[in-house]
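Trainee: Line order of the protein sequences matches chains F and C.
Residues in the first sequence are numbered from -11 upward in steps of one, following our numbering.
Residues in the second sequence are numbered from 25 upward in steps of one, following our numbering.
Glycine is no exception: its CB is placed at the ideal position from the N, C-alpha and C atoms.
Source: prediction; values computed, not measured.
The structure is given below, and queries will be raised subsequently.
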Amino acid sequence: MRAMTYRGPFRVRVETKPDPEILHPNDAIVRVTRAAICGSDIHLYHGLMADTRVGQTFGHEFIGVVEEVGPEVDNLKAGDKVLVPFNVCCGTCYFCSRGLYGNCHNTNPNATAVGGIYGYSHTCGGYDGGQAEYVRVPFANFGPTIIPDDIDDDDALMLTDALPTGYHAAQMGDIQEGQTVVIFGAGPVGIYAARCAWLMGAGRVIVTDHLDYRLEFVSRYGPAETINFTHLKDPVVYFKKITDFVGPDVCIDAVGCDASGSMLQALAGFHLKLQAGNAVALHWAINSVRKGGTVVIIGAYGPPYNLVPIGSAMNKGLTIHANQAPVKRQLPRLFEHIRNGYIKPSEIITHRFPLEDIAEAYRVFTSKLDGCIKPIVMPTAA
Amino acid sequence: MTIRYEEDHRQHSTRPTRTTVDSAHAKRTRGEDPAPSPHHEFNGVPANYREINGWGADLDPKNRPSFPMEYPSDVKTARGPVKHWQQPHTKIHQSNEHPGLTPVFGEAVPPHGLSGLLRDYAYQYGEGTTRHWMTLMLADRVDIVESMVVDAFRGRPDNYVKEKAWSAKIKYADAEQRRRYLYYGAAALGAIAVGITLSRVFADHED
């Protein structure tokens, strides 16, 4: 099969690799019809995640058609059109049985700190991802969900990670009616988090980023108030001032380790690799939020650690909520929201590339070219 | 009495000016935030946020599928019930915080060469240690060099221009970016021209 492979920081190419095989009775093989490039794939692409090996295929957002199932898979059959949540999860371990599908204990031998994730380094289990023609899907009797007839393929693709993650961020904010929510980052997850904050009953949603075209998009799609932080001397002071010096009730870090906005953080994180990327968004979130407020970390950070003001978090009495989204839990409610017209996930898709041009897709996404918000790749015809 | 600050340091003084306004939250609904930057956009948000399509659909926590974050469960063991175990076909690294291999795992890229030895070393240490993660980061860098050499011998050498998709930076650049590239190109050509000229001048001088 043809598959994207990682070659080193900022370098990917398409190669011919062996087709995946059934390795466990609960496995399925899925022919990928659409795959997306996630903002967190960019962390891998930049070489910021430990144990990212040359030759791995990325891609944890994909939908496709079931080609083959293992003998223990009884709820799927060849020909079913499925969306595959990015979490590789068993559904029965200590953590999955409690609904923590992003923290499955049975799918990642390489680390206990994170569950298995498709195409996301060997730190996340060493699985090849969906930016390929075919992919192996473990625990297929639990994870993959048949796409309902009334859900569009592009919408379904966004339901594999980006939208559930944005929705999860808004939920973790524990938003009460009328509260002020500030979202750091206007990437796909930040955009969805802004939209979903209203569903939770927010009274004010503010998004900050350094890219005007993305802020312009979220101002309509959220909708949301927007502010480009490059025009501010100090974003933290600004958010205090526009909330009567109280501070926002909820701050959501929807950026993760690839943030912009601090030379010191960039030097320590990107260039010297002394911390897991640039944590300036989280730094701002902790400092901006009001005392007793909630900080949500939904942006991805790699190990081992980051420079963040944890002392301020303690002194301010903050609640910090963070987790990978348990996609499977969110899907029924998100299907309802799509059917009710509350959210149209596919509207953020701006670019489509054939698999063979995936290096170009990564470049356009990572360099923020051509107004790119969300690129998808088409490995095979639907 | 609250204070109006002008935040845009590119266009305005940072000295505060005082003005009389109501609460920020009260004023917001009228689009009259007391301290907005000139770059702060309210345009997309309706005056009454309750008019936003879907507003409050999940206001009731019962409608929030991840609230609370944990379900009640009777499962007491880390693995829970496991019926089948995947058999490894290659060396699988394992965190020393796991008692053994997990029921399923990926075999995307088996460890190899010097980078593989470094990974062997890293996985001897727990996830709470810097040695574990920093050795893995080092192994990743070694892996890049190893793979470059191995693939060159296999007849599949790295193509930096194509793999980095530099052409996309021109193909998808907007007018401003293209103008910037033009300036950079002109500056580079100018520097080369100056260099050549100077080298000829010095060469003539030595003659």
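#1: Out of V69/C, T126/C, K107/C, E121/C, state which residue places its alpha-carbon closest to the alpha-carbon of G152/C.
#2: Nearest to M160/F by CA position, among N91/F, E213/F, M188/F, L252/F, is which residue?
#3: Using only alpha-carbon positions, find the residue among A128/F, L270/F, G117/F that is nearest to G79/F.
#4: Tell me the residue span of the alpha helix (DSSP H) that contains G(-4)/F.
#5: According to DSSP, is A24/F helix, strand or coil?
#6: Take I346/F and list the residues in its own chain whose beta-carbon comes closer than 7 Å to its own, dropping the five residues that flank it on each side.
#7: Give, in chain order, every unbroken run of the alpha helix (DSSP H) that is at least 4 residues long and sits entirely within the stretch 144 to 210 of chain F.
#8: So which residues of chain C does I215/F contact, with C-beta pairs closer than 7 Å?
#9: Name, in chain order, the residues that DSSP records as bridge partners for P366/F.
#10: Please report how far the alpha carbon of P70/C lies from the alpha carbon of F74/F, in whole angstroms.
#11: So the candidates are L255/F, T307/F, V42/F; which of them puts its Cα closest to the Cα of S280/F?
#12: Check whether the stretch 96 to 116 of chain C touches the stretch 233 to 250 of chain F, taking contact to mean three or more Cβ pairs, one atom from each stretch, closer than 8 Å.
#13: Return helix, strand or coil for I41/F, following the three-state DSSP convention.
#14: Shortest alpha-carbon distance to W109/C belongs to which of I298/F, H12/F, V234/F, N216/F?
#15: Between which two residues does the beta strand (DSSP E) carrying V128/C extend?
#16: With a threshold of 8 Å between beta carbons, is F(-2)/F in contact with chain C?
#17: Can you pull the chain F neighbours of E131/C, defined as C-beta to C-beta under 7 Å?
#18: Check the Cβ of W186/F against every Cβ in chain C and list those closer than 9 Å, keeping chain order.
#19: Within its chain, find whatever has a CB closer than 6 Å to the CB of G47/F; leave out the 5 residues flanking it on each side and keep chain order.
#20: Please report whether the beta-carbon of A176/C lies at a distance below 8 Å from any beta-carbon of chain F.
#21: Compare the C-alpha of G290/F against each of A264/F, E348/F, W186/F, E55/F and name the closest.
#22: For I30/F and Y350/F, what's the separation of their Cα atoms in angstroms?
#23: Just to confirm, is the Cβ distance from G68/C to P211/F under 8 Å?
#24: Please report whether the beta-carbon of E228/C lies at a distance below 8 Å from any beta-carbon of chain F.
#25: For the stretch 194 to 211 of chain C, which residues have a CB atom closer than 7 Å to at least one CB atom of chain F, in sequence order?
#26: From S85/F to R204/C, what distance separates their C-alpha atoms?
#27: Please list the partners that G43/F has in chain C, where partner means a Cβ-to-Cβ separation under 8 Å.
#28: Since V241/C is in the beta strand (DSSP E), which residue starts that stretch and which ends it?
#29: Going by C-alpha to C-alpha distance, which of V193/F, S207/F, R192/F sits closest to L199/F?
#30: Taking a contact to mean a Cβ-Cβ separation below 8 Å, would you say P(-3)/F touches V123/F in this structure?
#31: Output, in sequence order along the chain, the residues in the stretch 285 to 310 of chain F whose CB is closer than 7 Å to any CB in chain C.
#32: What are the boundary residues of the beta strand (DSSP E) that I326/F is part of?
#33: Are the C-beta atoms of N96/F and some chain C residue less than 8 Å apart?
#34: Determine the burial state of Y66/F: buried for a count of at least 16 other Cβ atoms within 10 Å of its Cβ, exposed for fewer.
#35: Can you give me the C-alpha to C-alpha distance between G103/F and T95/F, rounded to a whole angstrom?
Mentor: Straight from the coordinates:
#1: Here the closest residue by C-alpha is E121/C.
#2: Taking M160/F as reference, the option from N91/F, E213/F, M188/F, L252/F with the minimal CA-CA separation is M188/F.
#3: It is A128/F whose Cα lies nearest to the Cα of G79/F.
#4: Not the alpha helix (DSSP H): G(-4)/F falls in the beta strand (DSSP E), residues -10 to -4.
#5: strand
#6: M(-8), V0, V2, Q119, V365
#7: 150 to 160, 176 to 187, 200 to 209
#8: Neighbours of I215/F on chain C, chain order: S61, H63, H64.
#9: According to the sequence shown, residue 366/F is Met rather than Pro. Bridge partners of M366/F: P342/F.
#10: 35 Å
#11: At residue 280/F the sequence reads Gly, which differs from the Ser that was named. It is T307/F whose Cα lies nearest to the Cα of G280/F.
#12: no
#13: A small correction: the amino acid at residue 41/F is Arg; Ile does not occupy that position in the sequence shown. Looking at R41/F - three-state DSSP - the assignment turns out to be coil, as it is neither helix nor strand.
#14: Nearest option by C-alpha distance: H12/F.
#15: Looking at the DSSP string, V128/C is not in any beta strand (DSSP E), and its letter there is neither H nor E.
#16: yes
#17: Simply G114.
#18: Within chain C, the residues whose beta carbon sits less than 9 Å from that of W186/F are Y73, I76, N77, G78, W79, G80, A81, listed in sequence order.
#19: Only A23, G107, G117, G118, Q119 meet the Cβ criterion.
#20: no
#21: Closest by alpha carbon: A264/F.
#22: 8 Å
#23: yes
#24: The sequence as given places Asp at residue 228/C; Glu does not occur at that position. By this cut-off, D228/C is not an interface position.
#25: Taking 7 Å as the Cβ-Cβ cut-off against chain F, the residues of the stretch 194 to 211 of chain C that qualify are Y196, A197.
#26: 55 Å
#27: A132, V133, S171
#28: The question about residue 241/C has no answer here: the residues shown for chain C are numbered 25 through 231.
#29: S207/F
#30: no
#31: P291, P292
#32: Element bounds for I326/F: not the beta strand (DSSP E) but the alpha helix (DSSP H), 315 to 327.
#33: It does: the Cβ of N96/F has a partner Cβ on chain C nearer than 8 Å.
#34: Looking at the sequence provided, one finds Ala at residue 66/F rather than Tyr. That one is exposed.
#35: 6 Å
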